Amino acid sequence: MPREVIMPALGMAQNTGLIVAWLKQPGEQVKAGDALMEVETDKAVMEVEAQADGFLTDVRASAGDTVPVGDVVALISETSVDPRTAPASGVDSKPPSLAAAAPTTPAEPKSNPNPAAARAPTAFAAPEPKATGRRIFASPKARRLAAEQGLDLSRLVAASILQPYHASDIDTLRALSAPLAVVAPKPAHASRHLTARVRGDGFVGFCEWMRAETGASPDPASVMAGMAAAALRQGGSDKPMIVAAEAFGQKRLYIDPDRLGLGRAKSAETGQAATLILRDLRATAVTAIRMGGEAAPVLSVTRDGPDMLITLECAPGQLTPEAALALISGFAGQLSEPLRHLL
Amino acid sequence: MSSAQKLNSEDYLRIYRQMFRIRTFEDNANQLYLSAKMPGLTHMYSGQEAVAVGICEALEDSDKITSTHRGHGHCVAKGAEFKAMFCELLGKADGYCRGKGGSMHIADQAHGNLGANAIVGGSAGIATGAALSAKRLGTKDVTVCFFGDGALGQGLLYEVMNMAALWKLPVIYACENNLYGEYTKVEEMAAGALTARAAAFGIETHVVDGQDVLAVNQLARELVARARRGEGPFFIQLDTYRYHGHHVGDINREYYRSKAEETLWKTERDPITNFGSWLTVEKIATEDELKAIDRSVRAEAEAAVAYALAAPYPDAAEVRMHVYAENAA
Amino acid sequence: MREITLSKAVNEAIAEEMRRDPTIFLLGEDVAEAGTPFKVLSGLVEEFGRERIIDTPISEPGFMGIAVGAAMTGSRPIVDLMFGDFIFLVMDQLCNQAAKAHYMSGGKLKVPLVLRTNLGATRRSAAQHSQSLHALVAHIPGLKIALPSSAYEAKGLMKTAIRDDNPVVIFEDKLMYNDKAPVPEEEYLIPFGVANILRKGSDITLIATSSMVQVAQKAAEILAAEGISAEVIDPRTIVPLDEETILSSVRKTGRAIVIDEGHQSYGITGEIASRINEKAFYYLDAPVQRIGAMDVPVPFSPVLEDLTVPTPQIVAERARLSVKGELFDAA
Numbered sequence: 000m001p002r003e004v005i006m007p008a009l010g011m012a013q014n015t016g017l018i019v020a021w022l023k024q025p026g027e028q029v030k031a032g033d034a035l036m037e038v039e040t041d042k043a044v045m046e047v048e049a050q051a052d053g054f055l056t057d058v059r060a061s062a063g064d065t066v067p068v069g070d071v072v073a074l075i076s077e078t079s080v081d082p083r084t085a086p087a088s089g090v091d092s093k094p095p096s097l098a099a100a101a102p103t104t105p106a107e108p109k110s111n112p113n114p115a116a117a118r119a120p121t122a123f124a125a126p127e128p129k130a131t132g133r134r135i136f137a138s139p140k141a142r143r144l145a146a147e148q149g150l151d152l153s154r155l156v157a158a159s160i161l162q163p164y165h166a167s168d169i170d171t172l173r174a175l176s177a178p179l180a181v182v183a184p185k186p187a188h189a190s191r192h193l194t195a196r197v198r199g200d201g202f203v204g205f206c207e208w209m210r211a212e213t214g215a216s217p218d219p220a221s222v223m224a225g226m227a228a229a230a231l232r233q234g235g236s237d238k239p240m241i242v243a244a245e246a247f248g249q250k251r252l253y254i255d256p257d258r259l260g261l262g263r264a265k266s267a268e269t270g271q272a273a274t275l276i277l278r279d280l281r282a283t284a285v286t287a288i289r290m291g292g293e294a295a296p297v298l299s300v301t302r303d304g305p306d307m308l309i310t311l312e313c314a315p316g317q318l319t320p321e322a323a324l325a326l327i328s329g330f331a332g333q334l335s336e337p338l339r340h341l342l
Numbered sequence: 000m001s002s003a004q005k006l007n008s009e010d011y012l013r014i015y016r017q018m019f020r021i022r023t024f025e026d027n028a029n030q031l032y033l034s035a036k037m038p039g040l041t042h043m044y045s046g047q048e049a050v051a052v053g054i055c056e057a058l059e060d061s062d063k064i065t066s067t068h069r070g071h072g073h074c075v076a077k078g079a080e081f082k083a084m085f086c087e088l089l090g091k092a093d094g095y096c097r098g099k100g101g102s103m104h105i106a107d108q109a110h111g112n113l114g115a116n117a118i119v120g121g122s123a124g125i126a127t128g129a130a131l132s133a134k135r136l137g138t139k140d141v142t143v144c145f146f147g148d149g150a151l152g153q154g155l156l157y158e159v160m161n162m163a164a165l166w167k168l169p170v171i172y173a174c175e176n177n178l179y180g181e182y183t184k185v186e187e188m189a190a191g192a193l194t195a196r197a198a199a200f201g202i203e204t205h206v207v208d209g210q211d212v213l214a215v216n217q218l219a220r221e222l223v224a225r226a227r228r229g230e231g232p233f234f235i236q237l238d239t240y241r242y243h244g245h246h247v248g249d250i251n252r253e254y255y256r257s258k259a260e261e262t263l264w265k266t267e268r269d270p271i272t273n274f275g276s277w278l279t280v281e282k283i284a285t286e287d288e289l290k291a292i293d294r295s296v297r298a299e300a301e302a303a304v305a306y307a308l309a310a311p312y313p314d315a316a317e318v319r320m321h322v323y324a325e326n327a328a
Numbered sequence: 000m001r002e003i004t005l006s007k008a009v010n011e012a013i014a015e016e017m018r019r020d021p022t023i024f025l026l027g028e029d030v031a032e033a034g035t036p037f038k039v040l041s042g043l044v045e046e047f048g049r050e051r052i053i054d055t056p057i058s059e060p061g062f063m064g065i066a067v068g069a070a071m072t073g074s075r076p077i078v079d080l081m082f083g084d085f086i087f088l089v090m091d092q093l094c095n096q097a098a099k100a101h102y103m104s105g106g107k108l109k110v111p112l113v114l115r116t117n118l119g120a121t122r123r124s125a126a127q128h129s130q131s132l133h134a135l136v137a138h139i140p141g142l143k144i145a146l147p148s149s150a151y152e153a154k155g156l157m158k159t160a161i162r163d164d165n166p167v168v169i170f171e172d173k174l175m176y177n178d179k180a181p182v183p184e185e186e187y188l189i190p191f192g193v194a195n196i197l198r199k200g201s202d203i204t205l206i207a208t209s210s211m212v213q214v215a216q217k218a219a220e221i222l223a224a225e226g227i228s229a230e231v232i233d234p235r236t237i238v239p240l241d242e243e244t245i246l247s248s249v250r251k252t253g254r255a256i257v258i259d260e261g262h263q264s265y266g267i268t269g270e271i272a273s274r275i276n277e278k279a280f281y282y283l284d285a286p287v288q289r290i291g292a293m294d295v296p297v298p299f300s301p302v303l304e305d306l307t308v309p310t311p312q313i314v315a316e317r318a319r320l321s322v323k324g325e326l327f328d329a330a
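Protein chains in written order, with numbering that gives the first Met the number 0: chain A, 0 to 342; chain B, 0 to 328; chain C, 0 to 330.
What follows is the structure in structure tokens.
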């Protein structure tokens, strides 16, 4: 049975060896211990000895070749002419990839990290101070409480309250924010109220078209949120937009739903303040809406017979008349001819 | 096994076979390294077979040994199987240590092998402690502590020999003097006589030709029996030689050891060849019978290597296992 | 309930276990008639004999190694290391051999031993007899580390350590041997990995080890008088560490200080503070504080030595700043 002559590992960090010269010829008889070839490593030129008696055959590498360690370079066979091909050099079990084996987090299974911590903060947009643009120093707990309650830490800065802010400052912040957060029962004529009618139900047909085209089932709420955001963005704002979409008793927050492609909107962090509230009331019997301003402009979509009615309400300070008109027409336009606006 | 008992031909053939098994194992391990199939390094025992076999053949299965970084010989001699050993060297799940110890930490607890040790002299304490346990618990086990001449540089060895002598522990300190500690001659590393160290503690010492398996075995049987009777500890210096370098990568070693010296030991002092000759001269075995043993051992090794190469690695989940032992309660 | 000293509690634990299990024995320097220089083991050799209470030569690596081998072969040794500072001498046998044997053998070899030693400064014993080195060994996988903070803890933890099949290092505070605490007559064990909440509070969590528990308790009293409510937690064992109790507390209070007598840098306080940071970050209303021994070798002169260890005043001041939000450093 032929014995393999391999390029040996001759040093601790050596991956290949250069054959300087063969000291035996193919077909020549060799004895165990005879020098077969000279191999150069980074350290020196060394002789490689035969490990068995026999004849040198199947020489596969020549002087001047660089051969990886472990490769078979020849055979020592029982006869000088061995027509057999070399046997397979054995199962090459590779150690499992260490990257796959290593656990990815050091956390113990039973610990319960705050979900906010686990998400990569790519889309997170805490309300940044508009006034100075400088960093606000606040403890993690204070930031979390402020975000959860939709409060803006920059109000504390504006009120000249010294940093850093702690949880105990949130009560102060809430008091400072009260006028805006409270849904003030203003007289109806003080808030803006616009309505639009969209003939037919192009929106439902559009959702079905999307399903057929893409094979996915886009969430209608996020599609609609995307349209609303796109309409609002036509006003020229590049800021992140948080759309609070309410439908079927569920409230969802989307961030920039117009930017990722319709129906693929990303959810925003809970506790963030909404830029725009969208109420999809098509499943209800409600037709007309007049509820006054809220914390953000509200777009309501209701059904009136075969048509859809869009209502936009907002406080005067939230949208200028031009912006309000642009928003409701843009939104209505998309709902009536979604494909046209898509293209 | 009392010292007076003579060995029969079955014993002799087993001794021969065990030595040949060690040599064959090492040849295969060396090949696995050279062909880049074995991770890490290993340390060849080839040339020292008579020491491990001569001593371990005098021990019961429950007697304990501790081993060194050059531990394959002790492991085989104490009853280990090829498959589980090759698997361990390749880091496979079926290895003696589930692949977690490797060559330098190979242990076979079921046969009393408390493990190879990567720290030079590191197992001297463990061996002495095993002897203390045996004495306290009345198990009558004897422990053999294998170590090399290099370990005589470690303070731990002297501390535990002192305590073994004070407490009369059933332990035999077996110093395999292969003339070199890594790349340095023993004369440059150990001042004075090697046995004088143990003698200083009042420990009875012996010197024996480590290449003569019968001489080693006879001495071992006598000392083991006496240790079992409570007459220990003992210190044996066994003069021997390692054929390969300090580790498998130590190939270019003319700078510290001449080829002429190596050749001399290999040709004139080889323990297996010489014992084989003795067996045939004494007509205990024929040349053909010995060759048959050789062939069967080689076949056993070849099969075990193939098995080990094909065997699976441990599952990734095992990396965190065995840091702590599970408590019974 | 009767009150006994920490010394007596340790003695009782060892004696009770040795009566229960004949494979247990103890070795170390001056442990037999002398009962150790701290007299903790007095009486044991009279009851158990010199075969089980073994005086060794001054050979720490040697008898540590012997304990490892004995533990692997059916015995359950207790190693008495006279001063925690000597742990440097036994590191190879403890960390390379004992800690790793179970793992390296793929689960086959076990090393059920206890290394009993001490920590704590202010005894005027200078740099090489005053160190608190538990962080060094806590770093090594395969060891368990217990830090009893009172006589009650000492007895319960020692019994658990002796019954554990793994190598356990117990550090007693050498300044506490004469301190009394209520200790039940009936047998009890304290499990590893279960922290003890000594005092409930709502404004800040103080996590303290060993004798620093008493320091934290005193600090809590000072703070209570000022209207600050501190919760005091004793982890009891740092390996395994009861994270959940600590994290629950910090999520409640929002503030934490970790107090330990090891050096301030690269120690226990850093580890626990880090875990709080990883897992309770969004509940923190103040940075987690660390108070350890000063990063200096322990000085001999009493005036200097006393400056190097955490005190109730230091802890209280840090807690005050924490609660008032005055730990801010924008630079």
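From the three backbone atoms N, C-alpha and C, an ideal C-beta is built for every residue, glycine too. Note that the structure is predicted; figures quoted are calculated from it, not measured.
Under the three-state reduction of DSSP, A:ALA34 is assigned to strand. The criterion of a C-beta distance shorter than 9 Å is satisfied by A:LEU326 and A:GLN233.
Assignment of A:ALA146 by DSSP, reduced to helix, strand and coil, places it in the helix class. Excluding residues up to 5 positions away in sequence, ASP29, MET81 lie with their Cβ nearer than 7 Å to the Cβ of C:PRO36 in the same chain. C:GLN312: member of the alpha helix (DSSP H) spanning 311 to 323, first to last residue.
If you check the CB distance, B:THR65 and B:LEU113 come in under 9 Å. Per DSSP, the unbroken beta strand (DSSP E) holding A:GLY16 starts and ends at 15 to 21. A:SER138 is classed as buried because its beta carbon has at least 16 other beta carbons within 10 Å across all chains shown. C:ILE77 has C:LEU25, C:VAL113 as its beta-bridge partners, per DSSP. Within the DSSP bridge table, the entry for B:PHE146 names B:CYS174 as partners. DSSP, reduced to helix, strand and coil, places B:ASN112 within a strand of the structure shown. Contact annotation: B:VAL223 and B:VAL141 have beta-carbon atoms nearer than 9 Å. Scanning B:GLU9, B:HIS246, B:LEU156 for the CA closest to the CA of B:ALA28 turns up B:HIS246. Annotation for A:GLY201: the continuous alpha helix (DSSP H) segment containing it runs 201 to 213.
Taking a contact as a CB-CB distance under 8 Å, the pair B:GLY124 and C:GLY64 counts as one, their CB atoms being some 1 Å apart.
At a cut-off of 9 Å between beta carbons, C:ALA285 contacts chain A. Between C:ARG235 and C:ALA194, the beta carbon gap of about 6 Å places them in contact (Cβ cut-off 8 Å).
Under DSSP, C:ARG198 takes part in a beta bridge, and its partners are C:VAL231.
A contact between stretches requires three or more CB pairs, one per stretch, nearer than 8 Å, and the region 79 to 95 of chain B fails this requirement with the region 36 to 55 of chain C.
The distance from the Cβ of B:ALA307 to that of B:LEU89 is about 5 Å, consistent with a contact at the 8 Å cut-off.
Around the C-beta of A:LYS140, 16 or more other C-beta atoms lie within 10 Å, and the residue is accordingly described as buried. For the region 72 to 95 of chain B, the beta-carbon criterion of a distance under 8 Å to any beta-carbon of chain C is satisfied by GLY94, TYR95. Excluding five sequence positions before and after C:SER228, the CB atoms of its chain that fall closer than 7 Å to its own CB belong to GLY200, SER201, ASP202, given in chain order. Scanning its chain for C-beta atoms nearer than 6 Å, with the 5 sequence neighbours on each side dropped, one finds around C:GLY291 the residues ASP259, GLY261, HIS262, GLN263, GLY266, THR268, in chain order. Within chain B, not a single residue places a beta-carbon under 9 Å from that of C:ASP20; the smallest gap is close to 12 Å.
For the 9 Å CB-CB criterion, B:VAL52 and B:VAL170 do not form a contact. The beta carbon of C:TYR281 falls within 9 Å of a beta carbon belonging to chain A, placing the residue at that interface.
The Cβ of C:PRO36 sits no closer than 9 Å to any Cβ of chain B.
Residue-level contact check: B:TRP166 touches chain C, since one or more beta carbons of chain C fall below 9 Å from its beta carbon. Excluding sequence positions up to five before and after B:ALA310, its CB lies within less than 6 Å of the CB of CYS86, LYS91, ASP93, all in the same chain and listed in chain order. If one requires a minimum length of 3 residues, the beta strand (DSSP E) runs lying completely within the region 33 to 111 of chain B are 63 to 65, in chain order. For C:HIS133, the enclosing alpha helix (DSSP H) covers residues 133 to 137. For A:ALA166, the chain C residues whose Cβ falls inside 8 Å of its Cβ are GLY253, ASP284, in order along the chain.
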